[in-house]
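Enquirer: Mind looking over this structure? Questions follow.
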Amino acid sequence: MKSFTNDYLELKFLRNMELDLSFSENSFTSDFEILESTYEEYFSSSDSFNASRFELMNVPKRLVSEDITAQCKRLIRQYNVILKKVLLLILDKQVKFQEQFNRVIKIQEKLDNVLKICESCRNNLKTASHHFSLSSLLILYYCRKRKILKNLIMILYGIKTLNRTKDKLQQLLDSENYPTVIALISDCKRSINTYKQYNCVVAVHDKLMDTLEFVEENLDMSISKICTSFNANNYASAQDAYKFLGKSQTAIDQLHMHFIATIHSTALSSVLKYAQNDMKSQYNLLCQYVPLNKFYPCLLELCESFLSIWKSYYFVMKWHENEGSTNIENNGYENIIKDHNQKYILQKLQAGIVKVCNDVETKLIIFIDGFDLMNLKFEELLQALNTVDRMLKIGKILCKSNMTKLYECSKNKLLMYFDFYHASRLEELKIFLENDGWGLCPIKSSFRVTQLLEFKQFKYIFNLSQNSRNTEENLFQIIDDFDIYDFNQAFSINASLPFDLNFDKPAEEDILRSSEENRVNDLSDDTDDEEILDELKYSYVDDIQNNIMHKMKDRHTGPIVTNTSLTVLRICGKYLQITRIFKELAKTVTHCMIQIFELYFYSVYCFFSTDLINTEFSTTLGTNLKRTISRIKENLIISEIKNSPLKHKVCQPHRSSVINLDDSKNVFGLTERIVAVESLIFLGHQYESFQLYLNSIIIDDQEKIDLNQSYFQSVPLTTALRKPVYMAAILRAFDVPHIIFSITKEDWELKDIMSQQNSYINFLIEDIRIIKEKISVIECNVPLTKEVSESIWESTSDILTYLLVEGFSAVKRCSNEGRALMQLDFTQFVAKFETITALRPMPHQEFVTTYIKAYYLPESSIESWIRDHSEYSPKQLIGLVTCINQNKRIKQRLLSVIEEQRLTR
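Read in the numbering used here, the sequence shown has 1471 at position 497, and its numbers run on one by one without any break.
And the structure:
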């Protein structure tokens, strides 16, 4: 230590000396540059290096004193820089050196103590050897031998236990208690390492290794079974076994491989069961051999198999999540390692579920794409789509994946099918309409559209939509929550598969009236209409009529529905089921539903109101109704013009020959007309109930506007058909030429005002009574609501007021007294009309009174009156002008105004 200190002081002295020399030189070169200019040989660790010889060898052949001096200065400066670097390094390590030096001193002191202890022990042993006798040494010898024998017995007992372990292992293997087997093998391996010097133990070791390999093979088979039927106890046992083996992470990798392999093998076996080909081939080729009538059963089995795999994967994830939550409670070192493994396993499982879902999606796409579904029944297609939809929803919940490719594949298949199917439904509906007898369908009074089988999926939703508190937004949320809740039930151990929909079992609809409801008390069903009319002719007609009406109204108390309107509702139910699966197709489905409705609408119009078109009452159709009929005809009815587009169009429908619109007893088909119009109105109300649901599933604002516009163009106009249809029947119940002739043959050039009405009023009142009696008979079989009755009598009032004005306009000459008689006749008529029909006030009264009062207008107001009252026909206005006592010039001017107004209409 002293020599080291002296060397250090000497180095420090030399360093100071050299530093002084270096500072004396006027050099501004940096230490780093000087250090870099030093030859590498000076830093060599070789002992054979001689610096003096190295410099002499580098001396030039021609010696110059200045060069030698410069070279010396360079070497001195390099020496100083290197020395400074070395000193800095020494100073930097001086503290650590001092610490190590102190440790060396302490070790030296401890060695001195140990040396003293050893010397003391040797001295004590030397003393003991002199004091112990031979007998004492013999005792020690036997004690040592006894100890050796005990150890030998323990070794033999251990070897015996190892030999007996194979029987215990076999029992555990038979019970599939793999964790205990592996734990026992691990214990045996530790014992074998203890006795490995004995030859008999080597055979036991080989046997244990074989058993361990067998256990690993069985474990692999056990986790492969987990892929289709998860059992928590078996899986926990397998995981414990892998933990004993230290292969928990490897087990998850193997589990993923088994899931992928199970998906492939399951798909292949399911398709092979239905394929008409016994030869095993690739999956995509095997799908082509499945017949179309086995498409849905095969798809259902595929989805059920895949869902079983998904459920098993889901339960595996849940099992590991629960296992991880229990490990987090403790913070020991072992639990930290377990937590690390647990995180790796969960990450692996979460990444693997995407692969599992993608493989299932690919298998289903290959299967569906291999079929031409155009010849499939719509119900079967809906079954298939519902099944795929359930897979999509479960995939979204389980994998957080929308499975877009499968969704687009099934949607494209549906669009191709739906285009053809809708065209077929239009043709089918046209045939139904052309063959419909427009008779009442005997349904219950409590009938709701959700009672139809096609609407059973919408019962809950439509009940929500009828609640005024549910808007479109919260209804959409409720629908989504309802779907998610429904499919969340699939993820439980004992839950049945969500494909158990029992489509093949025939369901029953409870919508028809029973025989007891059809029975009419105290009145036979064989009662003929003529017998009822005969009874109505007696003096006690009111009592009998009220009694009969009271009893016969029980025949039908439900809504007015025909078989064809029920068919339309069933079609709508099928179409709406598509929107439950593909909400973005709501616009397309709505358009097709509106087309179905408009074909029904147009057919009712053509069948029962076209006979009014060529009459003076064609103006009652209204502008909106005319525009709607024209639009429907253009968009839905095949035109006679060549090259007209035929997509989703039908030929002009024609009324069935069974319907007799010439029967005066039935008011010229009024029964059929009422059933047709009211069934259309009922259908329109159902469409209005669909509107909130459709709006709730449509997200795009423009599509909502289009939907509401489509509804607005036709659905609200159903009630507008009542007037032209009922008027067409009522008009034929009156002898129009006779009524007008009866009015014109009266003497209107009176000098005195009469207090009694003219005879034509009695004729009209009698006709109204007859119509009422016939309507009463009709009401026995068809329930007439207040709106229907008012519409019929309003149409009657419209016809009669028009005929009165038409008759008054045909009068050539009329005095003021005659005009007053017209007003008196009409007043009497209004009173009796209101008494008979119970419709107060009588509609369209002002049409007659205004016309009569126009006779009293001054000459200066006639022209403006004509221009303001365009509701009167040119013929009626001409009759008014002709009847008024004016000069020819004024009459000519007024007639020209009427002609001008006629041309501008």
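From the three backbone atoms N, C-alpha and C, an ideal C-beta is built for every residue, glycine too.
#1: For Ser-1279, count neighbouring Cβ atoms within 10 angstroms of its own Cβ and tell me buried if that reaches 16, exposed if not.
#2: Let me know the secondary structure DSSP gives Ile-1612 once reduced to three states.
#3: CB Thr-932 to CB Leu-1274, shorter than 7 Å?
#4: How do the segment 1397 to 1416 and the segment 1624 to 1639 stand: do at least 3 beta-carbon pairs fall below 8 Å, yes or no?
#5: How long is the line joining the alpha carbons of Val-1756 and Thr-1645, rounded to whole angstroms?
#6: For Ser-1684, which residues from the same chain have a beta carbon less than 8 Å from its beta carbon, with the 5 sequence-adjacent residues on both sides left out?
#7: Helix, strand or coil, according to DSSP, for Lys-1862 in the structure here?
#8: If you run the structure through DSSP and keep just helix, strand and coil, what is Leu-1486?
#9: I need the boundaries of the alpha helix (DSSP H) containing Asp-1005, first residue and last residue.
#10: Are any of the Cβ atoms in chain D nearer than 7 Å to that of Met-1796?
#11: Could you spell out where the alpha helix (DSSP H) holding Lys-1248 opens and where it closes?
#12: How many whole angstroms separate the CB atoms of Val-1689 and Gly-1643, which I take to be in contact at a CB cut-off of 8 Å?
#13: Are the segment 1830 to 1849 and the segment 1859 to 1879 touching by the rule of at least three beta carbon pairs closer than 8 Å?
#14: For a test of the three-state rule: what should DSSP assign to Val-1624, helix, strand or coil?
#15: Among Trp-1284, Gln-1213, Gln-1250, which one has its Cα closest to the Cα of Ile-1234?
#16: Between the segment 1422 to 1429 and the segment 1542 to 1557, are three or more C-beta pairs nearer than 8 Å?
#17: For Ile-1890, which three-state DSSP category applies?
#18: If you draw a straight line from the alpha carbon of Ile-1673 to that of Tyr-1667, how long is it in whole angstroms?
#19: Consult DSSP for Ile-1671 and reduce its assignment to one of helix, strand or coil.
#20: Hey, quick one: how far does the alpha helix (DSSP H) through Gln-1819 stretch, first residue to last?
#21: When you compare the segment 1774 to 1782 with the segment 1702 to 1717, are there three or more beta-carbon pairs, one atom per stretch, that lie closer than 8 Å?
#22: Which residues in the same chain as Gly-1853 place their Cβ atom closer than 8 Å to its Cβ, once the five residues preceding and following it in sequence are excluded?
#23: If you follow the alpha helix (DSSP H) that Ile-925 is in, where does it begin and where does it stop?
#24: Along the chain, where does the alpha helix (DSSP H) that runs through Gly-1547 open and close?
#25: Could you tell me whether the segment 1598 to 1606 touches the segment 1713 to 1721, where touching means 3 or more Cβ pairs closer than 8 Å?
#26: With burial defined as no fewer than 16 other Cβ atoms inside 10 Å of the residue's Cβ, what is the status of Asn-1207: buried or exposed?
#27: Using beta-carbon positions only, say whether Tyr-1263 and Ala-1249 come within less than 7 Å of one another.
#28: May I ask which residues mark the beginning and end of the alpha helix (DSSP H) holding His-1843?
#29: Taking the alpha-carbon positions, what's the Phe-1571 to Leu-1695 distance?
#30: Report the residue from Phe-1803, Leu-1758, Glu-1015, Lys-1292 whose alpha carbon sits nearest the alpha carbon of Glu-1029.
#31: Would you give the residue range spanned by the alpha helix (DSSP H) that Gly-1369 belongs to?
#32: Go to Val-1756, then tell me how far its alpha helix (DSSP H) extends in each direction, as first and last residue.
#33: In this structure, what does DSSP give as the bridge partners for Ile-1417?
#34: Please say whether Val-1578 and Leu-1654 have beta carbons closer to each other than 7 Å?
#35: Answer with buried or exposed for Glu-1335, where buried requires no fewer than 16 other C-beta atoms within 10 angstroms of its C-beta.
#36: Please report the residue range of the alpha helix (DSSP H) in which Arg-1793 lies.
Expert: Quick answer:
#1: Numbered from its first residue, the sequence shown carries residue 1279 at position 305. With 16 or more other Cβ atoms within 10 Å, it is buried.
#2: Here residue 1612 refers to the residue found at position 638 when the sequence shown is read from its first residue. Ile-1612: coil per DSSP, three-state reduction.
#3: Outside the shown range of the chain (975 to 1879) lies residue 932, about which nothing can therefore be said.
#4: yes
#5: Position 782 of the sequence shown, counted from the first residue, corresponds to residue 1756. Position 671 of the sequence shown, counted from the first residue, corresponds to residue 1645. Cα-Cα distance, rounded: 7 Å.
#6: Working through the sequence shown from its first residue, we reach residue 1684 at position 710. Same-chain partners within the cutoff: Thr-1564, His-1565, Ile-1568.
#7: To locate residue 1862, count along the sequence shown from 1; it is residue 888. Helix.
#8: Walking along the sequence shown from the start, residue 1486 turns up at place 512. The answer is strand: DSSP assigns Leu-1486 an E or B state.
#9: Your numbering for residue 1005 matches position 31 in the sequence shown. Taken as a continuous stretch (DSSP letters only), the alpha helix (DSSP H) holding Asp-1005 covers 1005 to 1011.
#10: The structure shown contains no chain D, having only a single protein chain.
#11: The residue labelled residue 1248 in the question sits at position 274 within the sequence shown. Reading the sequence as shown, one finds Tyr at residue 1248 and not Lys. Tyr-1248 -> alpha helix (DSSP H) spans 1222 to 1248.
#12: Taking the sequence shown and counting its residues from 1, one reaches residue 1689 at position 715. Taking the sequence shown and counting its residues from 1, one reaches residue 1643 at position 669. Rounded, the Cβ-Cβ distance is 25 Å, inconsistent with contact.
#13: yes
#14: By 1-based counting over the sequence shown, the position of residue 1624 is 650. Here Val-1624 sits in strand by DSSP.
#15: Residue mapping note: residue 1234 aligns to position 260 of the sequence shown, counting from 1. Closest option to Ile-1234, Cα to Cα, is Trp-1284.
#16: yes
#17: Only positions 975 to 1879 of the chain appear in this structure, which leaves residue 1890 out of reach.
#18: As a first step, residue 1673 must be located in the sequence shown, where it is residue number 699. As a first step, residue 1667 must be located in the sequence shown, where it is residue number 693. Between Ile-1673 and Tyr-1667, the C-alpha separation is close to 12 Å.
#19: As a working note, residue 1671 is residue 697 in the sequence shown. Helix at Ile-1671.
#20: Counting from 1 along the sequence shown, the entry for residue 1819 is found at position 845. Note, Gln-1819: alpha helix (DSSP H), 1819 to 1827.
#21: yes
#22: Taking the first residue of the sequence shown as 1, we reach residue 1853 at position 879. Contacts found: Phe-1782, Ser-1783, Ala-1784, Val-1785.
#23: Absent from the model: residue 925. The displayed extent of the chain is 975 to 1879, so no value can be given.
#24: The residue you call residue 1547 lines up with position 573 of the sequence shown. Its alpha helix (DSSP H) spans residues 1537 to 1555.
#25: no
#26: Stepping through the sequence shown from its first residue, residue 1207 is reached at position 233. Classification for Asn-1207: exposed.
#27: Within the sequence shown, numbered from 1, the residue matching residue 1263 stands at position 289. Within the sequence shown, numbered from 1, the residue matching residue 1249 stands at position 275. Yes; because the gap between Cβ atoms is below 7 Å, this pair is in contact.
#28: As a working note, residue 1843 is residue 869 in the sequence shown. Neither: His-1843 is in no alpha helix (DSSP H) and is coded neither H nor E.
#29: Along the sequence shown, read from residue 1 onward, the residue named residue 1571 stands at position 597. Along the sequence shown, read from residue 1 onward, the residue named residue 1695 stands at position 721. Going from the Cα of Phe-1571 to the Cα of Leu-1695 covers about 14 Å.
#30: For the purposes of this step, residue 1029 is identified with residue 55 of the sequence shown, where counting begins at 1. Of Phe-1803, Leu-1758, Glu-1015, Lys-1292, the residue nearest in Cα terms is Glu-1015.
#31: What you label residue 1369 is simply residue 395 of the sequence shown in a count that begins at 1. Start and end: 1352 to 1373.
#32: Residue 1756 sits at position 782 when you count from the first residue of the sequence shown. Run containing Val-1756: none; DSSP gives neither H nor E here.
#33: Locating residue 1417 in the sequence shown gives position 443, where the first residue counts as 1. Leu-1486, per the DSSP bridge assignment.
#34: Taking the first residue of the sequence shown as 1, we reach residue 1654 at position 680. Taking the first residue of the sequence shown as 1, we reach residue 1578 at position 604. Result yes, Cβ atoms of Leu-1654 and Val-1578 sit closer than 7 Å.
#35: Counted from its first residue, the sequence shown places residue 1335 at position 361. The residue is buried, with at least 16 neighbouring Cβ atoms inside 10 Å.
#36: What you label residue 1793 is simply residue 819 of the sequence shown in a count that begins at 1. Counting along the chain, the alpha helix (DSSP H) containing Arg-1793 begins and ends at 1790 to 1811.
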